[in-house]
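Engineer: Mapping to the numbering used here: the sequence shown position 65 is 54, numbers consecutive. Every residue gets a Cβ at the ideal spot worked out from N, C-alpha and C, and that includes glycine. My questions will all concern the structure given below.
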Amino acid sequence: MSVQIGNIDLGEFPLLLAPMEDVSDPPFRYVCKQHGADMMYTEFISSEGLIRDAAKSRKKLDIFEYERPIGIQIFGSDIEHMREASAISSQAGPDLIDINYGCPVKNVACRGAGASLLQDIDKMVAMTKAVVEGTHLPVTVKTRLGWDDNTKNVHEVALRLQDVGIKALTIHGRTRSQMYKGSADWSLISDIRRDPRIEIPIFGNGDIDSPEKAAAWRMEYGVDGMMIGRAAIGYPWIFREIKHFFKTGQHLDKPTFAERIDACRTHLVKSIEWKGPKTGVFEMRRHYANYFKGIENFKEYRMKLVTAGTFEELEDILSEIEHNPRFDNPVSTVEI
Ligand SMILES: Cc1cc2nc3c(=O)[nH]c(=O)nc-3n(C[C@H](O)[C@H](O)[C@H](O)COP(=O)(O)O)c2cc1C
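Next comes the structure, spelled out in structure tokens:
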């Protein structure tokens, strides 16, 4: 059965790219889309920044036609500012607006935004209602299981937010206190999905990092789709690998070394196109280690890549790597 968010048709069991600050920008989204992400989100954007017209927040509203369907994710602590941010974001032309009620980091959660709303469901409901009223687009929410082990209240959250009009809910199977520690527990997510009162799609999130796990958790937890974050960093092939495994029960071949270089180069080119030569080159540095994770004897090249200052230098290095017989048939020692 096809999954619908408002009138957006996501097909059967969609795989979503998670919003990730400083990662899921347009260049990264480009390579993930190429490799099978069914829906994507921007990095979270501060409602205060949008209202102040802060350049950094505004820039994050950039979206492109080929990215559709795409959601803009906003966060904040002030209900009226979130309503305004919802309207401002809608003008950028996304397919939906997503609210972040999951961010655990101190300078978000301790300032009354992100996961901290899990401690005040009445306020969360009022904020969600304001965001829904602020836009003509479908509104979705991303959150966690609860604040801590003693307050796993996401089931109540799901029902109450559905009542005020959200069109889908993604749940990361950790509490705020867990941050990213321990392992994600999807059992509560499954309970919510199986609750007959729930009519909206429920997406599971947290720790999906292989086709086997995706297939096993799909069966076990019965969710409507999955959101994938960290496993896609430097490995956008995760989407197509999971899809292939669902369809055939077989593993798709791992990307060749040439494909890794190609994806890395595309990411770099898109990064420069969108950020300009200086920032584009600089911010790409955090990605090289991921694209070549587990490749033996790669350190020397990694050092070269992260110290090169221009696109031309990087092109030379990538082409040297491409033609180095040492990497003719490299085997990654890391299983994804
Ligand atoms: C670097 C990084 C940045 C993140 N930024 C955001 C964000 O902006 N908005 C959000 O809702 N979640 C954010 N998250 C959480 C992810 O969306 C996701 O919920 C989490 O990583 C668990 O999924 P995974 O195990 O597939 O990575 C971030 C995670 C990481 C690792």
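1) What does a CB cutoff of less than 8 Å around residue 73 pick up in its chain, not counting 5 residues either side in sequence?
2) Indicate, with yes or no, if ligand 1 has a heavy atom lying under 8 Å from the CB of residue 155.
3) Using a Cβ-Cβ cut-off of 9 Å, state whether residue 144 counts as contacting chain E.
4) If you run the structure through DSSP and keep just helix, strand and coil, what is residue 31?
5) Taking contact to mean 3 or more Cβ pairs, one atom from each stretch, closer than 8 Å, check whether the region 269 to 279 and the region 232 to 250 are in contact.
6) With 16 as the cutoff for other CB atoms within 10 Å, does residue 194 come out buried or exposed?
7) Alpha helix (DSSP H) containing residue 237: first to last residue?
8) Which parts of the region 256 to 303 are runs of the alpha helix (DSSP H), unbroken and 4 residues or longer, counting only runs that do not cross its ends?
9) For residue 90, list the residues DSSP reports as bridge partners.
10) Assuming residue 1 is part of the beta strand (DSSP E), what are its boundary residues?
11) Grouping DSSP H, G and I as helix and E and B as strand, with all else coil, what is residue 121?
12) What does residue 60 pair with, by DSSP beta-bridge criteria?
13) Rounding to the nearest angstrom, what Cα-Cα distance links residue 186 and residue 146 in this structure?
14) Exposed or buried, what is residue 21 when buried is set at 16 or more other beta-carbons lying within 10 Å of its beta-carbon?
15) Please list the terminal residues of the continuous beta strand (DSSP E) segment that includes residue 194.
Structural biologist: In terms of the structure at hand:
1) In the sequence shown, residue 73 corresponds to position 84, counting from 1. Taken in chain order, the residues that qualify are 36, 39, 40 and 123.
2) Within the sequence shown, numbered from 1, the residue matching residue 155 stands at position 166. Not under cutoff, so the answer is no.
3) The structure shown has no chain E; it contains just one protein chain.
4) Within the sequence shown, numbered from 1, the residue matching residue 31 stands at position 42. Correct three-state label for residue 31: strand.
5) Contact between the region 269 to 279 and the region 232 to 250 is absent, with fewer than three C-beta pairs closer than 8 Å.
6) What you label residue 194 is simply residue 205 of the sequence shown in a count that begins at 1. Burial call: buried.
7) Position 248 of the sequence shown, counted from the first residue, corresponds to residue 237. DSSP places residue 237 in the uninterrupted alpha helix (DSSP H) bounded by 227 to 237.
8) With a minimum length of 4 residues, the continuous alpha helix (DSSP H) runs that stay inside the region 256 to 303 are 266 to 280 and 288 to 296.
9) Here the question's residue 90 lines up with position 101 in the sequence shown. In the DSSP secondary-structure assignment, residue 90 is bridged to 132.
10) Taking the sequence shown and counting its residues from 1, one reaches residue 1 at position 12. Going by DSSP, residue 1 is part of the beta strand (DSSP E) stretching over -3 to 1.
11) Your numbering for residue 121 matches position 132 in the sequence shown. Residue 121 falls in the helix class under three-state DSSP.
12) Translated into the one-based positions of the sequence shown, residue 60 becomes position 71. According to DSSP, residue 60 bridges with 30 and 85.
13) Against the sequence shown, residue 186 aligns to sequence position 197. Against the sequence shown, residue 146 aligns to sequence position 157. Cα atoms of residue 186 and residue 146: separation of roughly 13 Å, rounded to the nearest angstrom.
14) To locate residue 21, count along the sequence shown from 1; it is residue 32. Residue 21 counts as buried, since at least 16 other C-beta atoms from the protein chains shown sit within 10 angstroms of its C-beta.
15) Indexing the sequence shown from 1 puts residue 194 at position 205. Where residue 194 is concerned, the enclosing beta strand (DSSP E) stretches over 191 to 194.
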